[in-house]
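Here is the structure we will look at, set down as C-alpha cells.
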Amino acid sequence: MNAVCFDIESTNLYADTATIIGYGLLHLNGKFQCAFVKENPEEGEKQLIEQCVRQLSKHECIVTFNGSGFDFPMLISRALKHEIDLSPISDISYIDLWLVIKDNLLLTRNSLDNAAKFFGIEKKTELSGKDVPNLYVKAMQGDRKALRKIKQHLKDDLQATLQLYLKLKPIIGPSYVFSVF
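Following my numbering, the numbering of the sequence shown begins with 1 at its first residue and continues without gaps.
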C-alpha cells in the first residue's frame, strides 16, 4: 500500500482564525518531507495548501493522529476559504490512529505523546503544538533556530505516528479506514 503519515502545523486550532503554516509527510520508508510558509502567511498559505493537496494526492492512504478531529477539518476549511480544488484527495483513504487508540486501548490519555510513551517510542523534542505559534512568530522575524525547532517537532510527531501505525496495524480493520471527505 502506498501510504504516508501526515501532519499539519497552524497558528491555532480553529480554521476561522488560524493559518496553516506548514505540513509534513513521512513515508513508510522513512523519507521525510516538509514545507512551511516563510513569508506573507496569507498569500503563502494558499500556495502551501495547493502543494500539500498535490503531495497527498500521490498516495493511496494517509495515516494521521487526530486527522479526523484536526488535520483534515483544518485543511479542508482553509482550502475552501482559498477556493482550492480538493477533488484530487476526495477518494483517498485515511486512518486516524487516535480513533484506533480511543476505541481499543485503555490509556489515561489518548494523546500522541502518551500513546508513544506507552509503546516505548521516544520523541526527541519536548515541544507541543501549543508552542508552534510563538516559535513561528520568531521564525518569521528571521530566527532560523525557531524554524528548525518547528521542523523537528513536526518530524518527531510524524515518526511517532509511523511507529504507532506499525504497532497498531494488526488491529486496524476496515472500520478505521475513512475517505478524506
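For each residue, glycine too, the CB sits at the ideal point set by N, CA and C.
Exposed unless 16 or more other CB atoms sit within 10 angstroms - verdict on residue i
i, result
"residue 155", "buried"
"residue 158", "buried"
"residue 74", "buried"
"residue 171", "exposed"
"residue 25", "buried"
"residue 14", "exposed"
"residue 106", "exposed"
6 Å CB neighbourhood of residue i in its chain, flanking five on each side removed
i, result
"residue 163", "121"
"residue 96", "64, 67, 68"
Start-to-end residues for the beta strand (DSSP E) that takes in residue i
i, result
"residue 96", "93-96"
"residue 24", "20-27"
"residue 7", "3-10"
"residue 57", "Element bounds for residue 57: n/a, residue is neither H nor E."
"residue 177", "177-179"
Contacting residues, own chain, Cβ-Cβ under 8 Å from residue i (five flanking each side not counted)
i, result
"residue 19", "10, 11, 37, 41, 42, 45, 78"
Residues near residue i by beta carbon distance below 7 Å, same chain, minus five either side
i, result
"residue 127", "149, 153"
"residue 141", "none"
"residue 89", "53, 56, 57, 180"
"residue 31", "none"
"residue 50", "84"
"residue 182", "The chain is shown only over 1 to 181; residue 182 falls outside these bounds and no answer can be derived."
Nearest-angstrom beta carbon gap, residue j and residue i [assumed within contact, 8 Å]
i, j, result
"residue 8", "residue 71", "5 Å"
"residue 67", "residue 94", "6 Å"
"residue 125", "residue 63", "The Cβ separation is near 20 Å, so there is no contact."
"residue 60", "residue 1", "6 Å"
"residue 112", "residue 176", "Contact doesn't hold; Cβ gap of about 16 Å is too wide."
Opening and closing residue of the alpha helix (DSSP H) in which residue i lies
i, result
"residue 72", "72-81"
"residue 33", "Not the alpha helix (DSSP H): residue 33 falls in the beta strand (DSSP E), residues 32-36."
"residue 127", "Premise fails: residue 127 is in no alpha helix (DSSP H) and is neither H nor E."
"residue 15", "Note, residue 15: premise wrong, no alpha helix (DSSP H); not H, not E."
"residue 169", "Taken as a continuous stretch (DSSP letters only), residue 169 belongs to no alpha helix (DSSP H), as it is neither H nor E."
For residue i: DSSP bridge partner residues
i, result
"residue 64", "96"
Contact test: residue i Cβ vs the ligand HEM heavy atom, cutoff 6 Å
i, result
"residue 82", "Inclusion of the ligand HEM in the displayed structure is not the case, the ligand content being empty and no account of it being possible."
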